[in-house]
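J.: Sequence lines, in order, name chains L and S.
Mapped onto the numbering used here, the consecutive letters of the first sequence carry residue numbers 32 to 331.
Mapped onto the numbering used here, the consecutive letters of the second sequence carry residue numbers 32 to 331.
All residues carry an ideal CB built from backbone N, CA and C; glycine is no exception.
Remember, it's a predicted structure, so these values are computed and weren't measured experimentally.
2 protein chains.
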Amino acid sequence: MRAASYPSTGIQPINRHKISTESPIETVFERLVNLIHVIWPVNHEVAAISVASAGPLNPKTGFIYDAPNIPGWKDFPLGDKLREIFPVPIFIGNDANLAAMGEWKYGNGIDHSDLIFLTISTGIGGGIICNNALMEGHNGLAAELGHITVQPDGLVCSCGKLGHLEALASGPAIVAYVRLSLLSGQTSTLHLDKEFSAYDVALAAKTGDQLAVRAYAHAGFYLGQALASLIHIFNPSIIILGGGVAQSGALLFEPMLEKMYASVMEPSYLQDLEIVPARLGDDAGLLGALALARQKLQNS
Amino acid sequence: MRAASYPSTGIQPINRHKISTESPIETVFERLVNLIHVIWPVNHEVAAISVASAGPLNPKTGFIYDAPNIPGWKDFPLGDKLREIFPVPIFIGNDANLAAMGEWKYGNGIDHSDLIFLTISTGIGGGIICNNALMEGHNGLAAELGHITVQPDGLVCSCGKLGHLEALASGPAIVAYVRLSLLSGQTSTLHLDKEFSAYDVALAAKTGDQLAVRAYAHAGFYLGQALASLIHIFNPSIIILGGGVAQSGALLFEPMLEKMYASVMEPSYLQDLEIVPARLGDDAGLLGALALARQKLQNS
């Protein structure tokens, strides 16, 4: 986990620090509290603490329903627990939602009022800016874009349901496509007896491995299909793609755009639609949390 | 087409009239202008004219990109043409979007801030209220919910693209399912040599016709799949279903809800989600246009 303190304007941090999320001697929450103390600015008043957390969570209360990768954060009242310790306003948001907000305020989405952000890595997450506001939904669970169904009875998703985008286009889905193809007897420079990642599949594709190329084309096809649906739903002016898998370039983007263009009903949707990579990289969460805090303080 | 004049509060019309949209001696636009004159209130000042039109259209300008069922309304500047004739503010919205707005202000969606409206008849249209505002998108083309892809390479949609919801769950899609099944030799009380509608299929299902039951189950499955995606995207507190096909009751709703529940990742999405039929029926467009005008006048 990482933390930073920022002045009231600009995005140059005052202090900034990063630690591993887990430790054998502290809980994740204890580590978070200590990390906040580490970056606490000595000569400045602190206006608020803002946290970009794994979810699903309720941003109105800061209650974490279930963060599968963080031990103990199931039905965890993160907001209340931070409020017990720190005497400042506490704001909490879903990490992918806040990454969207970071790109909107400080990244590649500046001046767009209707923006879709999709992050493709181990999972697929999203964030949506609609009519100049972050879309949160009734309980703050909106924009779980990895869980759009793209195949009626497709592969099992990490959430246990069938045919979701995350089950077909995330990093692990790309690896699974290659492994299943190898099991069925197809040949490749990648081998079943070795571990490999989606990044390794991309490297293999770039040396001409046709199975690796097909694995990215398969993921791209379903991404393009989901993007076309999102275009019909939101009519955005920009789509921003982040996460490790999105860094594989034309290998993913060409099949994705081909399916997307083939699925959109009316050219007006595409007329001035920008499709761009994310700009903030590893700082997306920090800067998204910063954007959230500034917006909340401005509205209060 | 229908038109009504309303007082500044309440939904009891002052005047109200309905005519057929087409005529051999007048254009559709001429008929619209005459209809407005017919319902023009004599003893009241007119604050605005508000139109719910077939689309896609741009609600900011009132420009109709293409209304396939209205002769001559392709690239048709409806807003500008009305402004030339009537010296009052002119507001124009997509009919399904405005039906959503009508249900939100005067129908079954009152007091909900995150609402999805889906109308299922000859086509499938939609409207979305997000964070207490109608979602319009960058060019006003948002909420074309009939064009969510639900089958990667499915049947051809009315828009020409593949596997959209409208191609699988609209009235014509239900009829096509029965006709294709009859062609492949399945038996039913419905016959290929007779015309029949989705309503006739519903009647047949209610007398125990198994092919007719399956036709609705097939449509319901894809509706449920699309609703689950929309729930992950918006986290709404209410879903309102309108249009003739939605009036077929459990025949459609049971398979729809079964697939929807089976596809949602996390029970919090469903906790206090209402799924209800539309209330305004044939008046949805009129009352939606009324809601639009009142909101625009209030904000101006």
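Do you know how far the Cα of L:C161 is from the Cα of L:H178?
T.: Reading the first sequence from its first residue, position 147 is the one you call residue 178 of chain L. Reading the first sequence from its first residue, position 130 is the one you call residue 161 of chain L. Going by the C-alpha atoms only, they are around 19 angstroms apart.
J.: When we look at the beta-carbon of L:L63 and count the other beta-carbons within 10 Å, is it buried (16 or more) or exposed?
T.: Position 32 of the first sequence, counting from 1, holds the residue named residue 63 of chain L. That one is buried.
J.: In chain order, what residues of the region 254-270 of chain L put their CB closer than 7 angstroms to some CB of chain S?
T.: For the region 254-270 of chain L, which is checked against every Cβ of chain S, the residues closer than 7 angstroms are Q256, A259, S260, H263, I264, F265, N266, P267 and S268.
J.: Applying a beta-carbon distance threshold of less than 7 angstroms, which residues of chain B neighbour L:Y300?
T.: The structure shown contains no chain B; the protein chains it does contain are L and S.
J.: Would you say L:L311 touches the ligand PLP, meaning its beta carbon is less than 7 angstroms from a heavy atom?
T.: Of ligands this structure carries none, so the ligand PLP is not represented either.
J.: So what's S:N162 in DSSP terms, helix, strand or just coil?
T.: Working through the second sequence from its first residue, we reach residue 162 of chain S at position 131. Coil, per DSSP.
J.: With a threshold of 6 angstroms on Cβ separation, who are the neighbours of L:P120 within its own chain once the five nearest residues in sequence on each side are excluded?
T.: The residue labelled residue 120 of chain L in the question sits at position 89 within the first sequence. Excluding sequence neighbours, L:P120 sits near A79.
J.: Using a beta-carbon distance below 8 angstroms, is L:D145 in contact with chain S?
T.: Sequence index remark: in the first sequence, residue 145 of chain L carries index 114 (1-based). Chain S contact via Cβ: present.
J.: Could you name the residues of the same chain whose beta carbon sits closer than 7 angstroms to that of L:T58, not counting the 5 residues immediately before and after it, in chain order?
T.: Walking along the first sequence from the start, residue 58 of chain L turns up at place 27. Here the set comprises G103.
J.: Going along the chain, which residues of its own chain have a beta-carbon closer than 6 angstroms to the beta-carbon of S:N163, five neighbours each way excluded?
T.: Within the second sequence, the letter at position 132 stands for residue 163 of chain S. Once the five neighbours on either side are set aside, the close Cβ partners of S:N163 are S144.
J.: Which one of L:A233, L:A281, L:P108 and L:V209 has the shortest CA to CA distance from L:L223?
T.: Your numbering for residue 223 of chain L matches position 192 in the first sequence. When only C-alpha atoms are compared, the closest one is L:V209.
J.: Give the C-beta separation of S:L301 and S:V295 to the nearest angstrom, bearing in mind that I take them to be a contact with Cβ-Cβ under 8 angstroms.
T.: Counted from its first residue, the second sequence places residue 301 of chain S at position 270. Counted from its first residue, the second sequence places residue 295 of chain S at position 264. 6 angstroms between Cβ atoms; contact.
J.: Output the boundary residues of the beta strand (DSSP E) element that contains L:R47.
T.: Locating residue 47 of chain L in the first sequence gives position 16, counting from the first residue. Unbroken beta strand (DSSP E) run through L:R47: N46 to K49.
J.: Can you tell me which residues form a DSSP beta bridge with L:V82?
T.: Numbered from 1 along the first sequence, position 51 holds the residue referred to as residue 82 of chain L. BP columns for L:V82 point to L:I123.
J.: Quick one: which chain S residues come within Cβ less than 9 angstroms of L:K192?
T.: Residue numbering aside, residue 192 of chain L sits at position 161 when the first sequence is read from its first letter. Simply A259, A293, S294, V295 and M296.
J.: Could you check how far apart the C-beta atoms of S:L109 and S:Y96 are, in whole angstroms? I think they sit under 8 angstroms.
T.: For the purposes of this step, residue 109 of chain S is identified with residue 78 of the second sequence, where counting begins at 1. For the purposes of this step, residue 96 of chain S is identified with residue 65 of the second sequence, where counting begins at 1. With 8 angstroms as the limit, S:L109 and S:Y96 do not qualify as a contact, their Cβ atoms being about 11 angstroms apart.
J.: Nearest chain L C-beta to S:M166 closer than 8 angstroms, yes or no?
T.: Mapped onto the second sequence, residue 166 of chain S falls at position 135. Closer than 8 angstroms: yes.
J.: Would you kindly report the start and end of the unbroken beta strand (DSSP E) that includes L:L146?
T.: Within the first sequence, residue 146 of chain L is the residue found at index 115, counting from 1. Taken as a continuous stretch (DSSP letters only), the beta strand (DSSP E) holding L:L146 covers L146 to I151.
J.: Going by beta carbon distance, what residues of the same chain come within less than 8 angstroms of S:T220, once the five residues before and after it are set aside?
T.: Counted from its first residue, the second sequence places residue 220 of chain S at position 189. A235, T238, D240 and A243.
J.: Using the rule of at least 16 other Cβ atoms within 10 Å of the residue's Cβ for burial, across every protein chain shown, is L:Q256 buried or exposed?
T.: Taking the first residue of the first sequence as position 1, residue 256 of chain L is located at position 225. Looking at its Cβ environment, which holds 16 or more other Cβ atoms inside 10 Å, L:Q256 is buried.
J.: Below 9 angstroms on C-beta distance, what does S:Q182 contact in chain L?
T.: Here the question's residue 182 of chain S lines up with position 151 in the second sequence. The contacting residues are Q182 and P183.
J.: Using CA atoms only, rank isn't needed, just tell me which of S:L66, S:F60, S:L199 and S:P55 is closest to S:N46.
T.: Counting from one through the second sequence, the residue named residue 46 of chain S turns up at place 15. With distances taken between Cα atoms, S:N46 lies closest to S:L66.
J.: Of all the alpha helix (DSSP H) runs that stay within the bounds of the region 203-268 of chain L, which reach a length of 4 or more residues?
T.: With a minimum length of 4 residues, the continuous alpha helix (DSSP H) runs that stay inside the region 203-268 of chain L are 229-237 and 241-265.
J.: Hey, out of L:L214, L:M291 and L:G156, whose CA is closest to L:C190's CA?
T.: Within the first sequence, residue 190 of chain L is the residue found at index 159, counting from 1. Minimum Cα distance to L:C190 is reached at L:G156.
J.: Using a Cβ-Cβ distance cut-off of 8 angstroms, determine whether L:I249 contacts chain S.
T.: As a position in the first sequence, residue 249 of chain L is number 218, starting the count at 1. Checking the displayed sequence, the identity of residue 249 of chain L turns out to be His instead of Ile. Not closer than 8 angstroms to any Cβ of chain S, the Cβ of L:H249 fails to qualify, so no.
J.: On the CB-based measure, 16 or more other CB atoms within 10 Å of its CB, does L:H68 come out buried or exposed?
T.: Within the first sequence, numbered from 1, the residue matching residue 68 of chain L stands at position 37. Exposed is the call here.
J.: Which of helix, strand or coil does DSSP assign to L:A34?
T.: The sequence position of residue 34 of chain L within the first sequence is 3, counting from 1. L:A34: strand per DSSP, three-state reduction.
J.: Just curious, the alpha helix (DSSP H) that L:K112 is in, first and last residue?
T.: To locate residue 112 of chain L, count along the first sequence from 1; it is residue 81. Segment L109 to I116, the alpha helix (DSSP H) holding L:K112.
J.: If you run the structure through DSSP and keep just helix, strand and coil, what is S:K105?
T.: Taking the second sequence and counting its residues from 1, one reaches residue 105 of chain S at position 74. Correct three-state label for S:K105: strand.
J.: If I measure Cβ to Cβ from L:I334 and keep anything under 8 angstroms in the same chain, skipping five residues before and after, which residues do I get?
T.: Summary: the structure shown does not reach residue 334 of chain L, with chain L confined to residues 32 through 331, and so no result is reported for it.
J.: Quick check on the DSSP output: the alpha helix (DSSP H) that includes S:V64 runs from which residue to which?
T.: The residue labelled residue 64 of chain S in the question sits at position 33 within the second sequence. V59 to I70 is the extent of the alpha helix (DSSP H) around S:V64.
J.: Identify whether L:D314 lies in helix, strand or coil by the three-state DSSP scheme.
T.: Mapped onto the first sequence, residue 314 of chain L falls at position 283. Three-state result, L:D314: helix.
J.: Tell me the DSSP bridge mates of S:T180?
T.: As a first step, residue 180 of chain S must be located in the second sequence, where it is residue number 149. In DSSP, S:T180 forms a bridge with S:H195.
J.: L:T153 to L:G202, Cα distance in whole Å?
T.: For the purposes of this step, residue 153 of chain L is identified with residue 122 of the first sequence, where counting begins at 1. For the purposes of this step, residue 202 of chain L is identified with residue 171 of the first sequence, where counting begins at 1. Cα-Cα distance, rounded: 5 angstroms.
J.: In the DSSP assignment, find the beta strand (DSSP E) that holds S:E305 and state where it starts and stops.
T.: Mapped onto the second sequence, residue 305 of chain S falls at position 274. S:E305 -> beta strand (DSSP E) spans E305 to P308.
J.: Compute the Euclidean distance between the alpha carbons of L:D126 and L:S215, then round it to the nearest angstrom.
T.: Indexing the first sequence from 1 puts residue 126 of chain L at position 95. Indexing the first sequence from 1 puts residue 215 of chain L at position 184. Their backbone Cα atoms lie some 38 angstroms apart in a straight line.
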